[in-house]
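Undergrad:
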Amino acid sequence: MENNKNMRAWLDDFKLSHPLVIAGPCSAETEDQVLAIANELKNSDVSIFRAGIWKPRTRPGGFEGIGETGLKWLQKAKAETGLLMAVEVANVSHVKMALEHDIDVLWIGARTAVNPFAIQEIADALKDTDKIVLLKNPVNPDLSLWLGGLERLYNAGIKKLGVIHRGFSTYEKSKYRNNPEWQIAIDLQNRFPDIPIICDPSHIAGKRDMIQEISQQALDLNFDGLIIETHIDPDHAWSDAAQQVTPDTLKQIFKDLRVRKETDEADDFNNRMNKLRTQIDDLDAKLLEILGKRMKIAEKIGTLKKEKNVAILQSSRWHEILGKMVLEGEEKGLSEEFVLKLFKAIHQESISHQEKVMR
Ligand code: PEP
Ligand code: MN
Numbered sequence: 575m576e577n578n579k580n581m582r583a584w585l586d587d588f589k590l591s592h593p594l595v596i597a598g599p600c601s602a603e604t605e606d607q608v609l610a611i612a613n614e615l616k617n618s619d620v621s622i623f624r625a626g627i628w629k630p631r632t633r634p635g636g637f638e639g640i641g642e643t644g645l646k647w648l649q650k651a652k653a654e655t656g657l658l659m660a661v662e663v664a665n666v667s668h669v670k671m672a673l674e675h676d677i678d679v680l681w682i683g684a685r686t687a688v689n690p691f692a693i694q695e696i697a698d699a700l701k702d703t704d705k706i707v708l709l710k711n712p713v714n715p716d717l718s719l720w721l722g723g724l725e726r727l728y729n730a731g732i733k734k735l736g737v738i739h740r741g742f743s744t745y746e747k748s749k750y751r752n753n754p755e756w757q758i759a760i761d762l763q764n765r766f767p768d769i770p771i772i773c774d775p776s777h778i779a780g781k782r783d784m785i786q787e788i789s790q791q792a793l794d795l796n797f798d799g800l801i802i803e804t805h806i807d808p809d810h811a812w813s814d815a816a817q818q819v820t821p822d823t824l825k826q827i828f829k830d831l832r833v834r835k836e837t838d839e840a841d842d843f844n845n846r847m848n849k850l851r852t853q854i855d856d857l858d859a860k861l862l863e864i865l866g867k868r869m870k871i872a873e874k875i876g877t878l879k880k881e882k883n884v885a886i887l888q889s890s891r892w893h894e895i896l897g898k899m900v901l902e903g904e905e906k907g908l909s910e911e912f913v914l915k916l917f918k919a920i921h922q923e924s925i926s927h928q929e930k931v932m933r
């Protein structure tokens, strides 16, 4: 796959204003629900209506999607609102049904994106299509796997391609449902600056109160669009209830977003600055998260020492650690003075956490 300015052409084709907005429920549930949401979203910033018809659920027993009947509701919603329709496809039969029902945009979900066989079959079924095809990142943080999927679609002659960044799953708990790992999206943009990239703050956040902030970060990083799960009654949604917003909240989110243009010189400076700042903010948040975890472990050590009646400060171990950190810090371009100050502060905090549990 080569860089090719034409990859962005489909965005202009639709004269879609920046950013491209895709919104709609996680899942199509009933005809009334689909039509009510679509009607609320028409004449807004939204250009494309999304709804999951087949839902990949982590465990069996949950709502697995309404199936083919839902596609008829989408056709009706399109006729009523003029919005383009988008669904997730995970296999060839989904692709066939979506095409039969005149769906405009097909996206490949994160769980499918991990499987080259599945992507290849979908790519073959979509050969030379003029539909818009969007590939979500695979659930695991692997840029080459994401790019590999993209190449399979590109090689099948699909011209209207884009990617969706929906974050990456981790075993450890974090404040996100799926860690954004912005660096991976930035690396993808640097490799293929012309491929439209859309952020999915709903699946990154997992809860609705973080959607505004993540959307802003995405715009600051020059993303081309946002896909935001929107439901008429989010709390009673049949899937992903915690992360969906109402159409009114969505409109407010767009009112509050600072949309930046990419074009003029001054903006170029701001864009680059914002990109770097977002990376710094991301790393700072990670630093705090790691420090928090470190202190929790210190507390466990405190509990253990209390049980065995051992003193908190064990200075031989501490000096050994410091010496090692100074050397490792040097390799990373950090001064000895900084490393000593930093670890003394961390150690001090660690001791007070241990004291707290030993009291
Ligand atoms: C979805 O968009 O509803 C979905 C299932 O997303 P993902 O593939 O990102 O988990
Ligand atoms: Mn969802």
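Going by the numbering used here, the first residue of the sequence shown is number 575, and it counts up by one from there. Where is the CB? At the ideal position from N, CA and C, for every residue including glycine.
(1) Tell me, to the nearest whole angstrom, how far the beta carbon of glutamate 614 is from that of isoleucine 785; I am working on the premise that it is less than 8 Å.
(2) Are the CB atoms of valine 620 and leucine 680 nearer to each other than 8 Å?
(3) So glycine 639 packs on isoleucine 622, CB below 8 Å; how close in whole Å?
(4) For glycine 897, which three-state DSSP category applies?
(5) How would you write the range of the alpha helix (DSSP H) that tryptophan 966 sits in, first residue to last?
(6) Tell me the DSSP bridge mates of lysine 710?
(7) Express the C-alpha separation of serine 926 and arginine 933 in angstroms, rounding to a whole number.
(8) So, with DSSP's three-state summary, where would you put asparagine 753?
(9) Does any heavy atom of ligand 2 sit closer than 7 Å to the C-beta of glutamate 803?
(10) When you compare only the Cα positions, how much space is there between isoleucine 772 and alanine 664?
(11) DSSP on glycine 598, reduced to helix/strand/coil?
(12) Give me, in chain order, the residues of the same chain whose beta-carbon lies closer than 6 Å to that of glycine 876; leave out the 5 immediate sequence neighbours on both sides.
(13) Spatial neighbours of lysine 652 within its chain, please: C-beta separation below 6 Å, excluding the five flanking residues on both sides.
(14) Pull the bridge partners of isoleucine 801 from the DSSP assignment, please.
(15) For glycine 799 versus isoleucine 596, is the C-beta spacing smaller than 8 Å?
(16) On the three-state DSSP scale, how would you describe proline 623?
(17) For the alpha helix (DSSP H) that methionine 659 lies in, which residues bound it at each end?
(18) Kindly confirm or deny that the region 695–711 and the region 672–686 touch, where touching means at least three C-beta pairs closer than 8 Å.
(19) Could you round the C-beta distance between asparagine 796 and lysine 734 to whole angstroms and report it? I think they count as a contact, below 8 Å.
(20) To the nearest angstrom, how far is it from the Cα of leucine 648 to the Cα of phenylalanine 843?
(21) Glycine 731 to glutamate 803, Cα distance in whole Å?
(22) Around ligand 2, what residues have a beta-carbon under 5 Å from a heavy atom of it, in chain order?
(23) Taking the alpha-carbon positions, what's the asparagine 883 to lysine 781 distance?
(24) Near aspartate 761, which residues of its chain fall below 6 Å by C-beta distance, leaving aside the five closest residues on each side in sequence?
(25) Let me confirm a value: tyrosine 728 is counted as buried when at least 16 other C-beta atoms fall within 10 Å, else exposed. Which label applies?
(26) Where aspartate 783 and glutamine 818 are concerned, what is the direct C-alpha to C-alpha distance, given to the nearest angstrom?
(27) Excluding the 5 residues preceding and the 5 following isoleucine 677 in the sequence, name in chain order all residues of the same chain whose CB lies nearer than 6 Å to its CB.
(28) Does DSSP put valine 819 in a helix, in a strand, or in coil?
(29) My output table needs one value for leucine 680: the three-state DSSP class, helix, strand or coil.
(30) Taking its Cβ as the centre, do 16 or more other Cβ atoms sit within 10 Å of phenylalanine 766, making it buried, or is it exposed?
(31) If you draw a straight line from the alpha carbon of glutamate 746 to that of arginine 624, how long is it in whole angstroms?
(32) Go to isoleucine 696, then tell me how far its alpha helix (DSSP H) extends in each direction, as first and last residue.
TA: Taking the structure as given:
(1) For the purposes of this step, residue 614 is identified with residue 40 of the sequence shown, where counting begins at 1. For the purposes of this step, residue 785 is identified with residue 211 of the sequence shown, where counting begins at 1. A Cβ-Cβ separation of about 17 Å leaves glutamate 614 out of contact with isoleucine 785 under the 8 Å criterion.
(2) The sequence position of residue 620 within the sequence shown is 46, counting from 1. The sequence position of residue 680 within the sequence shown is 106, counting from 1. No, they are not a contact pair.
(3) By one-based count along the sequence shown, residue 639 stands at place 65. By one-based count along the sequence shown, residue 622 stands at place 48. Taking a contact as a CB-CB distance under 8 Å, the pair glycine 639 and isoleucine 622 does not count as one, their CB atoms being some 19 Å apart.
(4) Sequence index remark: in the sequence shown, residue 897 carries index 323 (1-based). Helix.
(5) It is not possible to answer for residue 966, since the shown part of the chain is limited to 575 through 933.
(6) To locate residue 710, count along the sequence shown from 1; it is residue 136. DSSP lists Ile738 as partners of lysine 710.
(7) Residue numbering aside, residue 933 sits at position 359 when the sequence shown is read from its first letter. Residue numbering aside, residue 926 sits at position 352 when the sequence shown is read from its first letter. Distance between the alpha carbons of arginine 933 and serine 926 is about 10 Å.
(8) Counting from one through the sequence shown, the residue named residue 753 turns up at place 179. Note: asparagine 753 maps to strand in three-state DSSP.
(9) As a first step, residue 803 is located in the sequence shown; it is residue number 229 there, counting from the start. The beta carbon of glutamate 803 sits closer than 7 Å to at least one heavy atom of ligand 2.
(10) Position 198 of the sequence shown, counted from the first residue, corresponds to residue 772. Position 90 of the sequence shown, counted from the first residue, corresponds to residue 664. Each residue's alpha carbon lies about 19 Å from the other.
(11) If you number the sequence shown from 1, residue 598 lands on position 24. Shown here, glycine 598 sits in a strand according to DSSP, grouped into three states.
(12) Numbered from its first residue, the sequence shown carries residue 876 at position 302. Gln928, Val931, Met932, listed in sequence order.
(13) Position 78 of the sequence shown, counted from the start, is the residue given in the question as residue 652. Here the set comprises Met659.
(14) Residue mapping note: residue 801 aligns to position 227 of the sequence shown, counting from 1. For isoleucine 801, which the question treats as bridged, DSSP gives the partners Ile596.
(15) Indexing the sequence shown from 1 puts residue 799 at position 225. Indexing the sequence shown from 1 puts residue 596 at position 22. It is a contact, given that the beta carbons lie within the stated cut-off.
(16) Your numbering for residue 623 matches position 49 in the sequence shown. One detail in the question is off: residue 623 reads as phenylalanine in this sequence, not proline. For phenylalanine 623, the three-state secondary structure derived from DSSP is strand.
(17) Here residue 659 corresponds to residue number 85 of the sequence shown, with the count starting at 1. No alpha helix (DSSP H) contains methionine 659, which is instead part of the beta strand (DSSP E) from 658–662.
(18) Yes, the region 695–711 is in contact with the region 672–686.
(19) Translated into positions along the sequence shown, residue 796 becomes position 222. Translated into positions along the sequence shown, residue 734 becomes position 160. Asparagine 796 to lysine 734, Cβ: 20 Å. No contact.
(20) As a working note, residue 648 is residue 74 in the sequence shown. As a working note, residue 843 is residue 269 in the sequence shown. Each residue's alpha carbon lies about 42 Å from the other.
(21) Within the sequence shown, the letter at position 157 stands for residue 731. Within the sequence shown, the letter at position 229 stands for residue 803. Here the C-alpha atom of glycine 731 lies approximately 30 Å from the C-alpha atom of glutamate 803.
(22) Proximity to ligand 2 was defined by a C-beta distance below 5 Å to any of its heavy atoms, and the residues meeting it, in sequence along the chain, are Cys600, Asp814.
(23) On the sequence shown, residue 883 is found 309 positions in, with the first residue counted as 1. On the sequence shown, residue 781 is found 207 positions in, with the first residue counted as 1. Distance from the CA atom of asparagine 883 to the CA atom of lysine 781, rounded to whole angstroms, is 43 Å.
(24) To locate residue 761, count along the sequence shown from 1; it is residue 187. Answer for aspartate 761: Leu717, listed in chain order.
(25) Start at 1 with the first residue of the sequence shown, and residue 728 comes out as number 154. Tyrosine 728 sits buried, since 16 or more C-beta atoms from the chains shown fall within 10 Å of its C-beta.
(26) Working through the sequence shown from its first residue, we reach residue 783 at position 209. Working through the sequence shown from its first residue, we reach residue 818 at position 244. Between the alpha carbons of aspartate 783 and glutamine 818 lies a distance of about 10 Å.
(27) The count along the sequence shown starts at 1 and reaches residue 677 at position 103. Closer than 6 Å at the Cβ level, and outside the excluded window around isoleucine 677, lie Met659, Val661.
(28) For this step, residue 819 is matched to residue 245 along the sequence shown. Strand.
(29) Against the sequence shown, residue 680 aligns to sequence position 106. When DSSP states are grouped into helix, strand and coil, leucine 680 belongs to the strand group.
(30) Within the sequence shown, the letter at position 192 stands for residue 766. So phenylalanine 766 counts as buried.
(31) What you label residue 746 is simply residue 172 of the sequence shown in a count that begins at 1. What you label residue 624 is simply residue 50 of the sequence shown in a count that begins at 1. Take the alpha-carbon of glutamate 746 and the one of arginine 624: they are about 30 Å apart.
(32) By one-based count along the sequence shown, residue 696 stands at place 122. For isoleucine 696, the enclosing alpha helix (DSSP H) starts and ends at 690–699.
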